[in-house]
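Engineer:
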Amino acid sequence: AEMRTRAASDDRGADSSAGIGGRYRFLTLPDLHAAFGLEIAFPLDAASPPPRLTPSLALGARYEPWSWFATLGGRLRLDEVADRAPVDAGHVFAMLGGGLTILPWLSAYVLVDNHVLIDQAAAYRGGLSLGVEAGEVVFGGIGGRVAPWRDAGGHLSGQLTFGIRSF
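Position one of the sequence shown corresponds to residue 115 (my numbering), numbered consecutively onward.
(1) Taking 8 angstroms as the cut-off, decide whether the C-beta atoms of H147 and G174 are in contact.
(2) What residue from G133, P164, V224 has the CA that sits closest to E153's CA?
(3) Excluding the 5 residues preceding and the 5 following R189 in the sequence, name in chain order all residues of the same chain whose CB lies nearer than 6 angstroms to its CB.
(4) Whole beta strand (DSSP E) runs in the segment 177–243 with 3 or more residues, listed along the chain?
(5) Taking 8 angstroms as the cut-off, does the segment 192–201 touch the segment 220–227 (at least 3 CB pairs, one atom from each stretch)?
(6) Leaving out the 5 sequence neighbours to the left and right, which residues in its chain are closer than 6 angstroms to A237 when beta-carbon positions are compared?
(7) In this structure, how does DSSP classify P165 when only helix, strand and coil are distinguished?
(8) Give me the residue from P157, G213, P164 with the minimum Cα distance to F183.
(9) Buried or exposed, going by whether 16 or more other CB atoms sit within 10 Å of the CB of A121?
(10) Taking the C-alpha atoms as reference points, what is the distance between F253 and R279?
(11) On the DSSP bridge assignment, give the partners of P157 in chain order.
(12) For a test of the three-state rule: what should DSSP assign to G249, helix, strand or coil?
(13) To the nearest angstrom, report how far apart L217 and R198 are at their CA atoms.
(14) In angstroms, rounded to a whole number, what distance separates the CA positions of V260 and P157?
(15) With L244 and G258 assumed to form a contact (beta carbons below 8 angstroms), what rounded beta-carbon distance in angstroms separates them?
(16) Is it buried or exposed for R239, if we count other Cβ within 10 angstroms and need 16 for buried?
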C-alpha cells in the first residue's frame, strides 16, 4: 500500500492519491523470482487525479545481503473528470533497483525509474528513489525520490509504505 499527498504543495498537479495492490509470485527458482503485480490508485480528495490501474511484471533475486529487482508495467487512467488534477491516459514504465539487508528486520533500497507518457509522444519522466524498510513479514518504510523533470508535485517527493511480504 502507498499514499501520496500534496500537503506541502499547492500545486494542482500534485498527486494526492493512495494505492493498494499485490503481487502473485508465479516462479520461484534458486536464482530468480518472477511475479505479476496489480495496483489501483484512488483519489484522496476531490481535486486528486482519477483512479488508475497499474499492472506489472517483476523479476528479482536475493544473494544475501544483496538483492536486485526489475519491473516492467503500465499505468492506465480509469476515468477522466474535469475537476480532478490532470493525468495522462497512461504510461509505460521500467524500474531497476537493488537492496541491502542491514539487519534481519531492516533493509535499504535504491531504485531508478523511467516512464514514457502515452498522451505525449516524446514525454519521458524518471527519477531516483532511496529508502529504508523495517519489518520482516509485515513492514513499513520511508523513502524519497528526486527527478530532473517537474513531476506531479515537484522535483522531490516523499514516500511512506506499508506491506506484507508473504502470507
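All C-beta atoms, glycine included, are put in the ideal place defined by N, C-alpha and C. Predicted, not measured: the structure shown is a model, and the values here were computed from it.
Structural biologist: Let me spell this out:
(1) yes
(2) G133
(3) R166, T168, G204, H205
(4) 180–191, 204–217, 220–231
(5) no
(6) L231
(7) coil
(8) G213
(9) Bear in mind that the predicted position of A121 carries a pLDDT of just 44, short of 50, making it unreliable; the figure below should be weighed with that in mind. Result: exposed.
(10) 8 angstroms
(11) S131
(12) coil
(13) 43 angstroms
(14) 23 angstroms
(15) 6 angstroms
(16) buried
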